[in-house]
Amino acid sequence: ARAPRPAGIGAMDWPALQAAVAGCQACRLCERRKNTVFGVGQAPAAPGQPPRADWLIVGEAPGENEDLQGEPFVGQAGKLLDNMLKAIGLDRHHNVFIANVLKCRPPGNRNPEPEEVAQCEPYLRRQVELLQPRIILAMGRFAVQSLLQTTEPIGRLRGRSHTYHGVPVIVTYHPAYLLRSLPDKAKAWADLCLALELMQQQAGS
Ligand code: URA
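Take the sequence shown: its letters are residues 6 to 210, numbered as in my numbering.
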């Protein structure tokens with residue numbers, strides 16, 4: 006039998022939150038996962054502290070490689086994401102945190118179900134509260150629609166800033182989609198530039 010999601014997520018510190026995700030049995034994805042995928046970033050400055058992350062990247066859910074390795078975006082899409090980050094002077098181990106809407110892999114990489122997203126959302130929300138990123142880059146329909154609580158397509162949401170619990174959100178296409186859609190790579194590049202501009206404006210103000 007499964008156990009309900011742990012109580013008090015909103016008061017957890019970073020290590021407690023990591024442990025809660027690692028042991029989560031709140032939805033049926035726990036039954037087939039090999040690993041939970043909490044996220045990856047910079048090593049914390051002190052034990053127990055959240056990592057420094059001005060940038061938070063939010064994807065959809067772990068795929069097969071991520072499930073095996075316990076780290077987000079380690080497959081083909083991850084390589085593209087790393088290159089996208091590099092193009093704006095970033096990398097996943099410095100001042101960036103990468104997480105997903107779902108911490109467990111949906112079988113066969115099927116789409117996340119609303120119940121799974123609902124069960125997992127408090128973890129991402131607490132990650133945001135603890136990380137206090139200056140910008141969130143939401144990648145792909147699931148990240149975008151669940152963070153922004155909308156059913157609007159990405160094409161109608163890109164090009165301007167939104168917010169998630171007070172943090173500016175820039176939306177763009179998912180790297181796995183960009184691998185198949187060359188024309189939208191140019192749009193994703195524009196989205197990255199917009200995010201960078203927003204950060205520079207913040208730094209200058
Ligand atoms: N796709 C995602 O959305 N997240 C991952 O971690 C890997 C692939």
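Virtual Cβ for every residue (Gly too), placed ideally from N, Cα, C. Keep in mind it's a predicted model, so treat the numbers as computed, not measured.
As assigned by DSSP and simplified to three states, the class of residue i
{"i": "F147", "result": "helix"}
{"i": "I140", "result": "strand"}
{"i": "D18", "result": "coil"}
{"i": "V79", "result": "coil"}
{"i": "D96", "result": "strand"}
{"i": "L203", "result": "helix"}
{"i": "G113", "result": "helix"}
{"i": "R33", "result": "helix"}
C-alpha gap between residue i and residue j, whole angstroms
{"i": "P20", "j": "R38", "result": "21 angstroms"}
{"i": "R110", "j": "E69", "result": "7 angstroms"}
{"i": "A181", "j": "A104", "result": "15 angstroms"}
{"i": "Q150", "j": "L183", "result": "18 angstroms"}
{"i": "Y128", "j": "L22", "result": "7 angstroms"}
{"i": "R165", "j": "I175", "result": "7 angstroms"}
{"i": "R33", "j": "R185", "result": "30 angstroms"}
{"i": "E126", "j": "G209", "result": "32 angstroms"}
Segment limits, beta strand (DSSP E) that includes residue i
{"i": "Y169", "result": "H167 to Y169"}
{"i": "P173", "result": "V172 to T177"}
Opposing strand residues paired with residue i [DSSP bridges]
{"i": "N105", "result": "G64"}
{"i": "V42", "result": "Answer is none; V42 lacks a bridge partner."}
Opening and closing residue of the alpha helix (DSSP H) in which residue i lies
{"i": "I159", "result": "I159 to L162"}
{"i": "E69", "result": "E69 to Q74"}
{"i": "L183", "result": "P180 to L183"}
Within 7 angstroms, strictly: CB atoms of residue i and residue j
{"i": "A148", "j": "E65", "result": "yes"}
{"i": "R10", "j": "A31", "result": "yes"}
{"i": "V172", "j": "P138", "result": "yes"}
Contact with chain C by residue i, beta-carbon distance below 7 angstroms
{"i": "R130", "result": "Absent from the structure is chain C; it holds one protein chain and no more."}
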